[in-house]
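Under the numbering used here, the first residue of the sequence shown carries the number 8, and numbering increases by one thereafter.
Where a beta carbon is used, it is the ideal one built from N, C-alpha and C, also for glycine.
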Amino acid sequence: MAHFAQIDFNNKVTNIIVIDDSWIINAQTRINEELGLSGTWIQTSYNTKGGIHYAPNSDIPDGEPQIGYNFAGIGYNYDPIKNAFYASQPYQSWILNKTTYTWQAPIPYPIDGKNYYWDETNQTWILQVVSTTTSQTTQNTYTPLVTTNVAQAPALFTLQDPTPVVITTNNAVLTTNNVAVTTNNVAITTNNTTP
């Protein structure tokens with residue numbers, strides 16, 4: 008099966024369809040006449056990413072010619088000179104790489120195997136903490152996960168000193184020696200905690 012993206016007069020993707028491989032040779036005509044779908048249709052491939060064609064359902068390049076630099080999505084841009092699909096600019100500071108037609112942050116994404124999200128205001132990557140439960144129990148030692156802006160990640164800070172301390176951030180109150188933390192429906196408690 009082959010994927011085709013409909014391009015409007017502003018070179019924006021407005022629709023994506025799947026057709027039989029036998030239609031590829033005369034795709035534009037067949038889509039317009041036999042399916043009754045007007046407009047300009049350009050082939051795109053879900054196996055193409057960053058200008059490289061990959062084996063189906065893998066991250067292994069297969070040596071096949073790339074198609075459209077990236078798999079098109081509704082709202083994507085299309086460069087007719089390069090035959091390239093690319094997403095809209097995600098942040099003002101990011102720059103379009105014209106070799107891969109992907110957006111790049113001014114600071115490379117950390118390669119430590121952890122998940123991060125971009126903080127445009129501070130121009131940095133922030134560690135993303137994902138909790139699979141709504142409550143958990145821990146001991147008094149709490150290791151730092153984010154040190155740049157506690158307010159952006161409530162309750163992700165360190166207290167290893169046994170001296171009682173209270174820290175208040177967005178929706179979070181933390182007290183050492185009988186720690187109680189509540190933030191965005193996540194409760195973290197330690198031994199000797201009182202409500």
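Identity of the residues DSSP links to residue i by a beta bridge
i: residue 134; result: 123
i: residue 117; result: Its beta-bridge partners do not exist; DSSP assigns none.
i: residue 61; result: 68
i: residue 22; result: 13
i: residue 56; result: 59
i: residue 48; result: 13
Spatially closest choice to residue i from the options, by CA coordinates
i: residue 51; options: 67, 10 and 134; result: 10
i: residue 71; options: 81, 91 and 55; result: 55
i: residue 15; options: 28, 37, 40 and 47; result: 47
i: residue 23; options: 99, 110, 92 and 57; result: 92
i: residue 13; options: 83, 69 and 33; result: 83
i: residue 125; options: 59, 101 and 37; result: 101
i: residue 74; options: 65, 81, 61 and 67; result: 61
i: residue 118; options: 58, 127, 134 and 67; result: 134
i: residue 105; options: 57, 65, 40 and 28; result: 57
i: residue 87; options: 108, 127 and 69; result: 108
i: residue 122; options: 114, 136 and 115; result: 136
i: residue 18; options: 127, 85, 94 and 114; result: 85
i: residue 76; options: 114, 29 and 90; result: 90
Cutoff 8 Å; reference residue i; Cβ partners in own chain excluding five residues on either side
i: residue 96; result: 103 and 110
i: residue 34; result: 9, 11, 26, 48 and 50
i: residue 112; result: 98, 100, 101, 125 and 132
i: residue 40; result: none
Chain-order list of residues whose beta-carbon lies under 6 Å from that of residue i (same chain, five-residue window excluded)
i: residue 31; result: 9
i: residue 44; result: 38
i: residue 42; result: none
i: residue 159; result: Model confidence at residue 159 stands at a pLDDT of 36, short of 50, so the residue's coordinates are unreliable; what they give is reported in the following sentence. So the list is empty, once near-sequence residues are dropped.
Other residues of its chain near residue i: CB distance less than 7 Å, five sequence neighbours each side excluded
i: residue 53; result: 10 and 78
Cβ of residue i within 9 Å of any chain C Cβ
i: residue 20; result: Although the question refers to chain C, the structure presented lacks it and comprises just one protein chain.
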